Structure formats: structure tokens, C-alpha cells
Amino acid sequence: HAKRSGGNAVQFFEPSMNQSAFERLVLENELREAVKEDQLVVFYQPKICIETGEVRGAEALVRWLHPTAGLLSPGAFIGAAEECGLIGEIGDWVMKASCKQAAEWARQGMNVPIAVNVSAMQFERESFALSVMETLEQCGLDPHLLEIELTESIAMKDPERVIEQVQPLRDRGVSFAIDDFGTGHSSLSYLTRMPFDVFKIDQSFVRGVAEDKHARIVVETILAMAKALKLKTVAEGVETAEQLALLREEGATLAQGFLFSRPIPADEFEAFMNQPMGARRTA
Ligand code: C2E
Ligand code: MG
Ligand code: MG
Ligand code: MG
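This note's numbering puts the first residue of the sequence shown at 152, with every later residue one more than the last.
Okay, structure coming up:
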């Protein structure tokens with residue numbers, strides 16, 4: 152199947168394709184160029200300790216500096232990258248760029264754990280764990296400064312495979328977070344047995360935490376579960392002081408969201424780190 156051949160083969164338009172297939176093809180070819188021409192960039196969004204207001208980490212979020220369309224968010228191209236088999240290459244690039252950046256910051260005395268999102272196709276590759284270890288070594292990054300974010304559906308797929316991929320990295324100090332937690336269908340008994348370190352509470356619940364009783368109950372339940380399992384929690388999508396106050400009351404560990412900062416380029420992140428803590432919003 153031509154569309155799934157992946158790699159660097161340029162795909163050609165066939166008259167039988169409809170307009171959206173054509174657009175997709177254009178996007179895929181441009182994305183191949185983007186990888187080759189260094190048009191991808193990583194932005195960083197701070198994760199803040201709810202108790203102290205300190206920056207305790209950064210999530211690496213890929214962006215595409217498109218030559219004509221401007222800065223594109225992952226929602227505009229990650230799906231296409233998955234379909235045309237480019238996600239492996241893009242994922243490897245993001246992992247390397249993020250580890251390199253974190254290692255450089257560590258050398259400057261800025262120890263910021265970096266969290267990298269990994270897609271299903273990337274995680275399911277036989278060589279995943281090995282390739283991450285190689286990257287850590289090449290970049291000279293302490294594995295304790297790397298966190299890998301997996302969505303709930305990836306984490307739930309095949310327990311034995313997940314453990315096989317996670318354990319060797321975890322043994323070296325890499326931690327694992329379940330992203331968008333609460334939106335999937337995890338079995339509770341399964342979760343208690345899996346080697347994860349962090350639950351990231353999905354934005355949809357954080358958004359409702361201040362006014363919607365049901366969202367609040369979900370947040371409370373996730374936090375109680377995390378506490379019992381001795382896992383850390385990150386509340387994502389925190390936009391208001393009210394949400395933050397409630398999350399603090401409920402005992403969430405870290406908060407991430409526009410209240411503190413949007414995802415920003417590396418140099419702006421450094422500036423954010425260097426600003427006095429009082430300048431950051433902590434309710
Ligand atoms: P995610 O991993 O759940 O990342 C959080 C998303 O929420 C980011 O969107 C971030 O900009 C956004 N966000 C953070 N705080 C707030 C807030 O307070 N309010 C609102 N409304 N949004 C907030 P972004 O950067 O567009 O990324 C979207 C998704 O794309 C990510 O969701 C992740 O699943 C995926 N993604 C991003 N970078 C990568 C990557 O390098 N590899 C892979 N495989 N996926 C990635
Ligand atoms: Mg994430
Ligand atoms: Mg998320
Ligand atoms: Mg999300």
C-alpha cells in the first residue's frame with residue numbers, strides 16, 4: 152500500500168484521489184521535507200510544584216515551523232505522521248533534541264527533568280528501550296532527568312510488552328507517566344501492578360474541577376489512587392487560580408498549564424526559570 156510505505160519515498164498524486172486525500176498527500180510530502188530540513192522545533196512547558204511554586208520539570212512538545220503556514224501544533228500533523236510512517240523518525244528526533252537540551256541545562260546547573268511524549272508506534276517498536284538508552288548515552292543525560300509520557304491506551308494494550316519496554320529503562324532511572332489519565336479504560340487491578348511513576352490528570356477534568364461536581368470527583372479519585380500507589384500526580388491544563396487552589400487542597404503534586412506558562416522555546420524557558428519565584432502564579 153503506497154500510503155503506508157513510509158521512509159523517504161515521495162508519493163505521487165493519482166487522479167482518483169479526492170481533495171482531502173490530495174491535501175493529506177501534500178502534507179505528508181511537506182512533513183518529509185520538514186524532518187530533512189530541520190523545520191521541527193521543541194517547545195517546553197514548565198511543571199510547577201503546587202506546594203512551593205518551584206519549576207520541577209518541563210514537558211517537551213513538538214512544533215513545526217512550516218515555511219508558509221507558520222507555527223503548527225502537533226494536532227495538525229502528528230496524525231498524518233502516524234499514518235505515513237514518519238512518526239518513528241519524528242519521535243526519535245524529539246527524543247534526541249529534548250535529551251540534548253536537558254543535558255545542556257544540567258551542565259549549566261539547571262536540573263530540569265524533561266518529559267517526552269511517545270506515540271504508540273514509537274513505543275511498540277522492538278528497539279524502543281535500546282534506542283532511548285543510546286540517546287541518553289549520546290547526550291550524556293542522567294536517566295533520572297528523563298520522563299516518558301505514554302497515553303493510557305498505549306499503557307493498557309499488552310501488559311507483558313509494556314513491562315518489557317518499561318522495566319529496563321526504569322531500572323536505569325527513567326520514569327514513566329500515564330498521560331491524559333482518566334480518559335481511557337484502565338482496569339484498576341491492572342494499574343496497581345504496572346511500573347509507572349506519575350499520573351497526569353487529563354485537562355478535561357482539571358478544567359471542570361472548580362465548578363463541576365463530577366469532574367471534581369474524578370480528580371479526587373485519581374489523587375486518592377495515586378496516593379495509595381505512592382505515585383506522583385501532574386494536573387495538566389491549569390488555567391485559573393481557582394483550579395490551582397482546589398488542586399492544592401486535594402493534594403496534587405505538580406501543575407502545568409497556561410496559568411504559569413504556555414509551551415515556550417528553550418531560551419524563553421531559561422528566562423522563566425531565572426525569574427523570581429514570586430513572579431510565578433501560585434494561588
Ligand atoms: P499532551 O501530551 O496531553 O500535552 C498537553 C497539551 O495541552 C499541549 O498541547 C499543551 O500545549 C496543552 N496545554 C497545556 N496547558 C494548557 C492549558 O492550560 N490550557 C489548554 N487549553 N491547553 C494546555 P500541544 O502542544 O498542542 O500538544 C497536543 C498533543 O500532541 C499532546 O498532548 C501530545 O499528545 C501530542 N504531542 C506533542 N508533542 C509530541 C511529540 O513530540 N510526540 C508525540 N508522539 N506526540 C506529541
Ligand atoms: Mg503529554
Ligand atoms: Mg496530556
Ligand atoms: Mg492531552
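Using N, Cα and C, we set each Cβ at its ideal position, and we do this for glycine too. Remember, predicted model here, so these are calculated numbers, not experimental data.
Closest Cα partner of residue i within the set the options
| i | options | result |
| --- | --- | --- |
| glutamate 240 | Gln273, Gly221, Pro294 | Gln273 |
| asparagine 262 | Gln289, Leu216, Pro294 | Pro294 |
| glutamate 298 | Trp256, Phe332, Asp348, Gly291 | Asp348 |
| aspartate 309 | Met345, Arg214, Glu234, Ser171 | Met345 |
| cysteine 250 | Gly388, Pro264, Thr404 | Pro264 |
| arginine 258 | Pro197, Leu292, Glu419 | Leu292 |
| alanine 306 | Tyr341, Gln289, Arg413 | Tyr341 |
| threonine 384 | Arg207, Lys187, Ala185 | Arg207 |
| glycine 242 | Asp418, Glu419, Thr286 | Thr286 |
| lysine 247 | Glu277, Cys290, His217, Ile229 | Cys290 |
| leucine 397 | Ala209, Ala422, Glu371 | Glu371 |
| lysine 187 | Trp244, Glu210, Ala220, Val360 | Trp244 |
| glutamate 362 | Phe327, Gln318, Glu393 | Glu393 |
| glutamate 174 | Thr219, Ala231, Glu210, Leu222 | Ala231 |
Which of helix, strand or coil DSSP assigns to residue i
| i | result |
| --- | --- |
| serine 326 | strand |
| leucine 331 | The displayed chain sequence assigns aspartate, not leucine, to residue 331. Reduced to three states, the DSSP call for aspartate 331 is strand. |
| glutamate 362 | coil |
| threonine 391 | coil |
| glutamate 181 | helix |
| leucine 374 | helix |
| valine 269 | coil |
| glutamine 252 | helix |
| alanine 386 | strand |
Inter-residue Cα distance where the pair is residue i and residue j
| i | j | result |
| --- | --- | --- |
| leucine 296 | alanine 280 | 16 Å |
| serine 355 | glutamate 179 | 30 Å |
| glutamine 252 | threonine 404 | 24 Å |
| glutamine 190 | isoleucine 368 | 42 Å |
| glutamate 315 | glycine 324 | 15 Å |
| methionine 424 | glutamate 233 | 34 Å |
| leucine 176 | lysine 381 | 46 Å |
| threonine 343 | threonine 334 | 17 Å |
| isoleucine 337 | alanine 227 | First, the residue type needs correcting, since residue 337 is serine and not isoleucine in the sequence shown. For serine 337 and alanine 227, the distance between alpha carbons rounds to 27 Å. |
| leucine 237 | glutamate 400 | 43 Å |
| glycine 408 | phenylalanine 420 | 14 Å |
Cβ shell of residue i (< 8 Å), same chain only, five flanking positions each side left out
| i | result |
| --- | --- |
| phenylalanine 332 | Glu303, Phe350, Lys351, Ile352, Asp353, Ile373 |
| leucine 339 | Met376 |
| proline 416 | Val192, Phe194, Tyr195 |
Alpha helix (DSSP H) segment containing residue i, residue limits
| i | result |
| --- | --- |
| glutamine 259 | That residue, glutamine 259, is in no alpha helix (DSSP H); it is neither H nor E in DSSP. |
| threonine 286 | 279–290 |
Boundaries of the beta strand (DSSP E) in which residue i is found, first to last residue
| i | result |
| --- | --- |
| leucine 216 | 206–217 |
| isoleucine 352 | 349–352 |
| alanine 232 | That residue, alanine 232, is in no beta strand (DSSP E); its alpha helix (DSSP H) goes 229–234. |
Contacting residues, own chain, Cβ-Cβ under 7 Å from residue i (five flanking each side not counted)
| i | result |
| --- | --- |
| proline 414 | Phe194, Tyr195, Gln196, Leu212 |
| leucine 216 | Gln190, Val192, Leu222 |
Residues near residue i by beta carbon distance below 6 Å, same chain, minus five either side
| i | result |
| --- | --- |
| proline 225 | Val213 |
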